[in-house]
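For the sequence shown, the numbering used here gives the first residue as 318, with consecutive numbering after it.
Written out below as structure tokens is the structure these notes cover.
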Amino acid sequence: METRSGIPLGTKPLGNHPVSWNDDEQILVCLPTIVQILVPSLVDITQDEDPYLRIGVRPLKDIPCMQYNDTEVHNPSAQSARLIAEQYRSATWSPTGLSSSGGCILTAVTTKHRVIHYTPSKNERSTSTAPWIPMADMTDNIAQSILGQNTRRFRTIEQVNSFHTLSAKWSPTLALDPIMQPLAILGLASKRGEISLWSYSSTKGFEHQATIHLRDSFATELEWTKWRQHDGKFISHIISSSGTGAATLSSVTVELGSDEESGATTLVSMDATVQETWFQEDHAIIDNISLIQDPAHDNRVKVALFKNTRALIGEIDLDNVPLEPTWKEYWLQDSVTGVAGANWIEDGKRIRIYTSEGQGLVLTVEEGHVVVDAAATAEINTYLVTKIMQQWDEEQASMDQEQIATANNAIPVLYGTSISPIGLYTVYLFGFQEDVDAAYYDSDVNEVWAAFMAHQQQNDKSCTASLLDKLRTQLSNPYFFFTCPFKSILHEPLEYLTQDDEEEENDGIIKWLKTMETMITDGAAQSTQSFKQHLYCDSRATAARALIRTGLELKRYKLIESTQLTLQSLEDMAHMYLTVHFADVCLNYMLTLADDALENAAESDLAVVLLLCDRVLDQPVTFDFAVNTVIKVCTKLSSWPSAQSESIAEEVSRAKEHLEKQEPVPKVPREKCPACPNLLSTVDNKLLICSSNHTWESCSITGKALATLDTQLCVHCGAKSMKSTGCKLADTILSQCMKCIICGSNLSAS
């Protein structure tokens, strides 16, 4: 995507940080009249397709605005700003895992100080293409936290300024157990110089917890550190800035609990305090904060504060806050308007800085010294100049001769940057400004573009090896699906590897696929007791799901024929393993039940057992571990008389035959058609059909006919399943399947 022209987006943004990359490989661009979302997609450069999807949120004019009375404080006739149409001031992402589809929430702050949250519409099958609609407008919640429940009238200027939100920032997620539904804390900076803290979970929504009082001036920037556990509680720190130029370090300590019914993490208590304030006499405003925690010592944080053309870099010991860091000062030599973006790289050894004039700078920060990396600086500047000049040439090529003759000179302007989750790419938002003393705001040069910069050279063998090592490490994490941003872990390396291929051999993709194949065939079984852990924490199943998601990522990319065949073969293998693994998990669960529960099992429960057994025995490859589980379960169940005893005893014989011949055993019709008394037969493992030609979709989890509209869909692969059946065993299984059993994505109501 870095080789393509810039993406035209619209009018230049109003505030800082207009572009941001989230954990799910989505990029927001906050413009005055719309927030656009770019979703990068793997497309071959020879294909005439856009390498990204563009989605917009609902316009502000379509979202009703709650009115509050502040006439006792302000004279409306004296405030011309009230006549200006509401626009977007800023926008930010939540961490992944908070929305109903398991993704990120987009939080926008408007010029009328509203705080609106957006999530993808549930009416679309795929969250990648769904329009984003308002999930909640918490402006009313903010007012009630200040005024109380029974009034909409502000009586003091302090109340009004507390209500006026200027920016928002989410903390990382929190959970007592990796499998539990997480929560996160939203910090809202206000005009009064406060940060109000709101907890959010999918079960309880937004709840006000505490307010940090910083200074008697605007609170402008804020950044969270990662959570650290101490004495059974979790601690994070906020580094913020104010309109006086001061920087403040605040601590947020929370105690967590759990909701047994919903399986969600709950907030028991919160304590938030200001710990330290710096630069109280230095009144230059901080317009950018960048921080990174030391991966080896999570109590140490490197911070870069930018005051116009000055960078202040220091290291903070969070366990010894009164010890003021030694701030190293660096003046930007080639800028007069300041910094548009900055990010730390290499675990805090270096920092990339981008100026508003469109220039880059790389500083090495080690042992208290700040040194310019001349080679890295030259490299990113060469790329920026080339890309911006290419865009200017394209714009001139689209002009007619008269426009070119009368056009003024233009200078580049960089509005913001954001690094990708893995760090292989940076997206930057830029435009051009007329080189004149005065220009109309709505002139054509206010148009902005988004473009991408790659930070690794193509065909870099060390980079490819590093990506494969990281893949193995991440997929070996038993809680991969609950703690890792799956989308970015797959998409970003694949983006690099597809560009890395020489002579269209797809060598990088083949290595990626073979790495996952090895983990499926050679991985060790996960020893766990929990049904959910057995289902989702097995490293072989994790690798199989990652392989299927890789296929989904590559579906628009033009692979050579041999690679397509390899991918299809490995996807079939992964589907087969996951089908057998799921059945084995469910059947092993049956073995953990008490004898009286098995003896008194309903006929509908036993029918589900047989459907699960058939999944194991119908495979072209024999999985001994699962076949032996089938034999154990059916032998145990056949010892008690029931209407299904004969069928269960036959299943034992079928399983032994499968072990002996190493061939698939044809499925036997098990379930009655919901529309007639005939039995249903399976067609391609997706459809069920009876002799009267009644056709039904098959539930991807239970294997039963989907004879209800109360279903759920996987947000990525589209696998459909029912929510409940009325069958005790099937409903127990469904209640444990919190993610898609095929690709590991979240499930949403269809």
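Note that the Cβ used here is the ideal one computed from N, Cα and C, for glycine as well.
By DSSP, does residue i sit in helix, in strand, or in coil?
| i | result |
| --- | --- |
| A771 | strand |
| T952 | helix |
| W1070 | Nothing in the structure corresponds to residue 1070, since the chain is present only between 318 and 1067. |
| E820 | Low per-residue confidence applies at E820: pLDDT is 49, beneath 50, and the placement is therefore not dependable, though the value from the model is reported in the following sentence. In the structure shown, E820 sits in coil (DSSP, three-state: anything other than H, G, I, E or B). |
| V982 | coil |
| E632 | strand |
| G1035 | coil |
| H530 | strand |
| L539 | strand |
| C347 | strand |
| Q1053 | helix |
| T520 | coil |
| Q466 | coil |
| L415 | coil |
| Y853 | helix |
| W648 | strand |
| G740 | coil |
| H686 | strand |
| I1006 | strand |
| Q610 | strand |
| T428 | coil |
| L915 | helix |
Tell me whether the beta-carbon of residue i lies closer than 7 Å to the beta-carbon of residue j.
| i | j | result |
| --- | --- | --- |
| W449 | S337 | no |
| Q526 | A581 | no |
| S955 | A972 | no |
| L864 | A891 | yes |
| V687 | K619 | no |
| T490 | P612 | no |
| L746 | V730 | no |
| A861 | L895 | yes |
| F940 | V897 | yes |
| Y405 | L423 | no |
| L531 | T565 | yes |
| L503 | S518 | no |
| K439 | G748 | no |
| I697 | G677 | yes |
| L927 | L359 | no |
| L355 | I344 | yes |
| V569 | A589 | yes |
| Y732 | P335 | yes |
| W541 | I555 | yes |
| S1041 | Q1029 | no |
| P349 | L370 | no |
| S407 | S488 | no |
| D752 | I728 | yes |
| V682 | I670 | no |
| Q610 | K550 | no |
In the DSSP output, what is residue i paired with across the bridge?
| i | result |
| --- | --- |
| W515 | L503 and H525 |
| H547 | K550 |
| N605 | F623 |
| R667 | I662 and T681 |
| M587 | V571 |
| P325 | W766 |
| P1096 | Outside the displayed range of the chain (318 to 1067) lies residue 1096, so it cannot be described from this structure. |
| P335 | None, per the DSSP bridge assignment. |
| K486 | G504 |
| I450 | T436 |
| D576 | A581 |
| T1071 | The chain is shown only over 318 to 1067; residue 1071 falls outside these bounds and no answer can be derived. |
Rounded C-beta distance between residue i and residue j? I'm assuming under 8 Å.
| i | j | result |
| --- | --- | --- |
| L584 | S516 | 5 Å |
| R321 | P368 | 6 Å |
| T880 | I837 | Incorrect: roughly 18 Å between the Cβ atoms, too far for contact. |
Legend entry - Cβ contact (3+ pairs, closer than 8 Å) linking the segment 962-980 and the segment 903-917: No, they do not touch.
Inset, instruction - Could you say if the segment 483-495 and the segment 456-465 meet the contact criterion of at least three C-beta pairs nearer than 8 Å? - result: By the criterion of at least three beta-carbon pairs nearer than 8 Å, the segment 483-495 is not in contact with the segment 456-465.
Legend entry - At least 3 beta-carbon pairs within less than 8 Å: the segment 465-479 vs the segment 500-509: yes
Legend entry - Contact the segment 1047-1054 vs the segment 1007-1022: 3+ CB pairs below 8 Å: yes
Legend entry - Segment contact, 8 Å Cβ cut-off, at least three pairs: the segment 805-819 with the segment 334-354: yes
Legend entry - Any 3 or more C-beta pairs closer than 8 Å across the segment 705-712 and the segment 769-783: A contact is defined here as three or more CB-CB pairs under 8 Å, and the segment 705-712 fails this definition with respect to the segment 769-783.
Inset, instruction - For the segment 532-539 and the segment 591-606, state whether three or more C-beta atom pairs, one from each stretch, are separated by less than 8 Å. - result: yes
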